[in-house]
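Step one of this worksheet: look at the structure below.
In UniProt numbering, the protein residues as written are 1 to 279.
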């Protein structure tokens, strides 16, 4: 990679850890919290993927993307990890293209889908540079990303927004999750920068990257507001027929002239979703 990205250290460390585990259940117990924040010695892959099933279908339903056409559609999942959601996607869609920056995760993802999904419908895409997808223009009916873009360097996250638009066909949708600014970020943001700096240290960094609290502080590498994403979309050659922003009902957003605002209880107060139809 041409630039150092310390916020990716926990993922690369987790990837190396996953390679050393004997079973998929061991992987979930050791690094599963990276993907869904659950811990425990009794966790197993079945439970892990089950949490993904509940979430993906709740989101598809809430965002009005769960249609009768799903069995004929292709979904691109940006940030698949070890397949928590990918397995469910592979059962619902004709094809799922799982994208991740860690090759070890993609191998574990394939194993997860083989056990709990339809592996014949799976294709993987290694995002080696952290910002571009080796996928042709207009391949996807849906480009989906959940709790991934907030862990990317700011410009990389916006590059992946561009890529999501590029790989989505006209009439298809992008469904992208972002984290925005909250008052608590006055403390969390400088702590996160400090943690990312410590990850650069040869001996301390790898150890810290395996600590849950340290990773949660350091891996949130950006905050993107609806205004900033809207400005980015305006500069793209890809246009959108509709845009809907979903946010928590416990958080107020000002009315916009470029997107409809809707609330959904399943959205974290610090998060928001953009659902946009390509024109």
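All C-beta atoms, glycine included, are put in the ideal place defined by N, C-alpha and C. The structure presented is a predicted model; accordingly, all values stated were derived computationally and were not measured.
Endpoints, the beta strand (DSSP E) within which residue i is located
{"i": "residue 106", "result": "Segment 103-116 is the alpha helix (DSSP H) holding residue 106; no beta strand (DSSP E) there."}
{"i": "residue 145", "result": "140-145"}
{"i": "residue 135", "result": "Element bounds for residue 135: n/a, residue is neither H nor E."}
{"i": "residue 75", "result": "74-78"}
{"i": "residue 67", "result": "Counting along the chain, residue 67 falls outside any beta strand (DSSP E), and DSSP gives it neither H nor E."}
Residue burial classification, residue i (beta-carbon count within 10 angstroms, cutoff 16)
{"i": "residue 171", "result": "exposed"}
{"i": "residue 69", "result": "exposed"}
{"i": "residue 229", "result": "buried"}
{"i": "residue 235", "result": "exposed"}
{"i": "residue 173", "result": "buried"}
{"i": "residue 279", "result": "exposed"}
{"i": "residue 237", "result": "exposed"}
{"i": "residue 110", "result": "buried"}
{"i": "residue 177", "result": "buried"}
Residue i vs residue j beta-carbon contact at 8 angstroms
{"i": "residue 88", "j": "residue 53", "result": "yes"}
{"i": "residue 79", "j": "residue 148", "result": "yes"}
{"i": "residue 140", "j": "residue 76", "result": "yes"}
{"i": "residue 180", "j": "residue 143", "result": "no"}
{"i": "residue 98", "j": "residue 122", "result": "yes"}
{"i": "residue 222", "j": "residue 153", "result": "yes"}
{"i": "residue 266", "j": "residue 62", "result": "yes"}
N- and C-terminal bounds of the alpha helix (DSSP H) containing residue i
{"i": "residue 169", "result": "Unbroken run through residue 169 is the beta strand (DSSP E), 168-179; no alpha helix (DSSP H)."}
Coarse secondary structure for residue i, derived from DSSP in three states
{"i": "residue 98", "result": "strand"}
{"i": "residue 148", "result": "coil"}
{"i": "residue 238", "result": "coil"}
{"i": "residue 232", "result": "helix"}
{"i": "residue 275", "result": "strand"}
Supposed contact pair residue j and residue i - C-beta distance, whole angstroms, cut 8 angstroms
{"i": "residue 113", "j": "residue 74", "result": "About 15 angstroms separates the two Cβ atoms, so there is no contact after all."}
Check: residue i C-beta below 7 angstroms from any heavy atom of the ligand GTP
{"i": "residue 74", "result": "The ligand GTP is absent from the structure shown, which contains no ligands of any kind."}
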